[in-house]
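Numbering (the numbering used here), first residue to last: 46 to 104. Please read the structure below before turning to the comments.
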């Protein structure tokens, strides 16, 4: 079980989401999980989250 959980709410933030997730995932401390909540965003947030979840088990 990870020591920390980072919660990222997502709604109409497609233009900023990759930068946000990259920033969190590049931290030197690695014992955390990212819980991203897609609140039925009408843009491409869901696809971006799926992409990150497929390549990093912390998401």
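Note that the Cβ used here is the ideal one computed from N, Cα and C, for glycine as well.
Can you tell me which of the three DSSP states residue i falls into?
i, result
"residue 61", "helix"
"residue 148", "Any answer about residue 148 is impossible in this case: the structure gives the chain only from 46 up to 104."
"residue 68", "helix"
The beta strand (DSSP E) that contains residue i, what's its start and end?
i, result
"residue 78", "77 to 83"
"residue 50", "49 to 55"
Within a Cβ cutoff of 7 Å, which residues of the same chain sit near residue i, ignoring the five residues on either side of it in sequence?
i, result
"residue 91", "83"
"residue 48", "76, 77"
So that I know if they touch, is there some Cβ in chain B lying closer than 8 Å to that of residue i?
i, result
"residue 59", "Protein chains in the displayed structure number just one, and chain B is not present."
If I measure Cβ to Cβ from residue i and keep anything under 6 Å in the same chain, skipping five residues before and after, which residues do I get?
i, result
"residue 104", "79, 97, 98"
What are the start and end residues of the alpha helix (DSSP H) that includes residue i?
i, result
"residue 95", "90 to 100"
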